[in-house]
Amino acid sequence: MIEKKYKIPISVLVIIHTKNMEILLLHRQDKPNFWQSVTGSIEEGESPADAAKRELLEETGIDHQKFSLIDWNFSQQYEIFTHWRYRYPPTVTHNTEHVFSVEVPEKIKIKIEPREHKEFKWASVSEAIKTVFSDTNADALKKLYEIKQIGDKINL
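Under full-length UniProt numbering, think of the first position of the sequence shown as 1, with each following residue one higher.
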């Protein structure tokens with residue numbers, strides 16, 4: 001009998017944005033109206049930073065070595081939707097999401113993973129906040145906007 005492999009309830013969120021605060025959004029393949037930043041669960045033995053680098057490359061084709069991946073040293077916890085809990089061990093109800101960002105100089109060419117996403121778009125911060133499905137994604141976008149408004153570099 002094959003043992004079921006569960007997801008680890010730790011994930012990453014990577015916000016990709018231009019210097020002018022245009023936000024890259026990805027449209028999920030399996031869910032209509034589900035737009036998001038780069039996200040994904042960590043794999044066994046992987047750090048959140050390594051997961052962010054892997055997910056960034058897998059979902060967009062962006063190499064973290066070309067652009068700086070910034071670790072916000074910030075995480076958010078959210079309740080996993082009941083209909084997605086089968087992916088996790090039976091007693092798990094919450095996920096911890098570590099937040100990262102990448103600033104690119106302009107809207108760059110993106111190579112989406114077609115099994116996960118059907119399209120991408122660049123959006124203003126306000127449009128992105130209204131468009132993303134996840135509250136934690138919207139909250140991170142608001143935080144990024146506030147930081148950029150006061151002229152600080154991300155140093156969380």
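Cβ atoms here follow ideal geometry from the backbone N, Cα and C, with glycine treated the same way.
Short check: CB of Val38 to CB of Ile16, under 8 Å?
Working through the sequence shown from its first residue, we reach residue 38 at position 38. Working through the sequence shown from its first residue, we reach residue 16 at position 16. Yes; because the gap between Cβ atoms is below 8 Å, this pair is in contact.
Look up Val92 in the DSSP assignment and say whether it is helix, strand or coil.
In the sequence shown, residue 92 corresponds to position 92, counting from 1. If DSSP states are grouped into helix, strand and coil, Val92 belongs with coil.
Go to Glu119, then tell me how far its alpha helix (DSSP H) extends in each direction, as first and last residue.
In the sequence shown, the residue the question calls residue 119 occupies position 119. Unbroken run through Glu119 is the beta strand (DSSP E), His117 to Ala123; no alpha helix (DSSP H).
What three-state label does DSSP hand Ser126 in the structure shown?
To locate residue 126, count along the sequence shown from 1; it is residue 126. It is helical.
Taking only runs that begin and end inside the UniProt domain "Nudix hydrolase" (5-146), name each unbroken beta strand (DSSP E) of 3 or more residues, in chain order.
10-18, 23-28, 38-41, 69-79, 94-104 and 117-123
Please return the same chain residues whose Cβ sits closer than 6 Å to the Cβ of Arg87, not counting the five positions on each side in sequence.
Counting from one through the sequence shown, the residue named residue 87 turns up at place 87. The residues are Lys7.
What residue from Glu97, Val14, Trp72 and Leu69 has the CA that sits closest to Glu79's CA?
Locating residue 79 in the sequence shown gives position 79, where the first residue counts as 1. Residue Glu97 is the option with its Cα nearest to Glu79.
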